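Following this note's numbering, the numbering of the sequence shown begins with 62 at its first residue and continues without gaps.
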Amino acid sequence: MHAETLLRDFPSRCRALGLAVTHQRTLIYRELLATGEHPTPESVYERVRQQIPSISLGTVYKNIKTFLDAGLVREVSLHHGTQRLDPNTEPHHHLVCTRCRRIFDLPASALEPPKLKSRLRSGFRVEKTSIELLGSCAECASALDS
62 MHAETLLRDF PSRCRALGLA VTHQRTLIYR ELLATGEHPT PESVYERVRQ
112 QIPSISLGTV YKNIKTFLDA GLVREVSLHH GTQRLDPNTE PHHHLVCTRC
162 RRIFDLPASA LEPPKLKSRL RSGFRVEKTS IELLGSCAEC ASALDS
């Protein structure tokens with residue numbers, strides 16, 4: 062889904078989940094979408110604070126937790142040094158630059174489904190698949206080649 066569609070549908074999605082649609086909550090969600098990347102809570106806070114100077118980092122964290130619990134955003138693996146957020150809740154994978162720590166979406170269709178069935182523990186049920194490919198982004202790779 063595109064950011065415009067997600068933002069337009071945000072109020073109705075909140076109401077369906079029993080969440081109040083507040084000005085702060087809407088701005089935080091808008092900033093999550095606006096980056097086009099996988100922002101940290103701190104970077105979202107810095108952007109929202111430009112519009113609401115009195116907002117606290119705690120308020121941003123609290124709303125992000127609400128979004129995570131409600132399935133409005135998802136968390137990208139924590140082993141990248143800090144919490145990273147992804148407003149794209151459609152099935153997809155990630156390319157992670159180990160140098161600059163940028164994260165890029167990779168459509169689920171870009172990878173063939175892993176042949177796990179014969180290797181799973183008896184009774185284990187896969188609920189979702191998340192694959193991260195680690196390497197160097199184009200910018201970092203070209204800097205290495207220079």
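Just so you know, even glycine gets a beta-carbon here, dropped at the ideal spot from N, CA and C. In this text, all values refer to a predicted model and were calculated from it rather than measured experimentally.
Within 10 angstroms of its Cβ, does Cys-75 collect 16 or more other Cβ (buried), or is it exposed? Reading the sequence shown from its first residue, position 14 is the one you call residue 75. The Cβ neighbour count for Cys-75, taken over all protein chains shown within 10 Å, is at least 16; the residue is labelled buried.
DSSP state of Arg-135 mapped onto helix, strand, coil: As a working mapping, residue 135 is identified with position 74 in the sequence shown. In this structure, DSSP gives Arg-135 an extended state, which the three-state scheme calls strand.
Which term fits Glu-92, buried or exposed, when burial requires 16 or more other beta carbons within 10 angstroms of its beta carbon? Within the sequence shown, the letter at position 31 stands for residue 92. With 16 or more other Cβ atoms within 10 Å, it is buried.
With DSSP as the reference, label Ser-165 as helix, strand or coil. If you number the sequence shown from 1, residue 165 lands on position 104. Reading off the sequence shown, one finds Phe at residue 165, where the question assumed Ser. Here Phe-165 sits in strand by DSSP.
How many Å lie between Cys-158 and Leu-67 at the Cα? Counting from one through the sequence shown, the residue named residue 158 turns up at place 97. Counting from one through the sequence shown, the residue named residue 67 turns up at place 6. Each residue's CA atom was taken as its position, placing Cys-158 and Leu-67 some 27 Å apart.
Does the Cβ-Cβ distance between Val-105 and Val-82 come in under 9 Å? Residue numbering aside, residue 105 sits at position 44 when the sequence shown is read from its first letter. Residue numbering aside, residue 82 sits at position 21 when the sequence shown is read from its first letter. No, Cβ-Cβ distance for Val-105 and Val-82 is not below 9 Å.
Pair within 9 Å by beta-carbon distance, Glu-103 and Thr-143: Looking up residue 103 in the sequence shown gives position 42. Looking up residue 143 in the sequence shown gives position 82. It is a contact, given that the beta carbons lie within the stated cut-off.
Pairwise C-alpha distance: Arg-182 and His-63: The count along the sequence shown starts at 1 and reaches residue 63 at position 2. The count along the sequence shown starts at 1 and reaches residue 182 at position 121. Rounded to the nearest whole angstrom, the C-alpha separation of His-63 and Arg-182 is 37 Å.
Three-state secondary structure assigned by DSSP to Gly-119: Walking along the sequence shown from the start, residue 119 turns up at place 58. Reduced to three states, the DSSP call for Gly-119 is helix.
Evaluate Arg-186 with the Cβ neighbour count: other Cβ atoms within 10 Å of its Cβ, from every protein chain shown; 16 or more gives buried, anything less gives exposed. Stepping through the sequence shown from its first residue, residue 186 is reached at position 125. Label assigned to Arg-186: exposed.
Determine the closest residue to Leu-80 out of Arg-69, Thr-127 and Ser-117, with distance taken between C-alpha atoms. On the sequence shown, position 19 is the one that residue 80 refers to. Nearest option by C-alpha distance: Thr-127.
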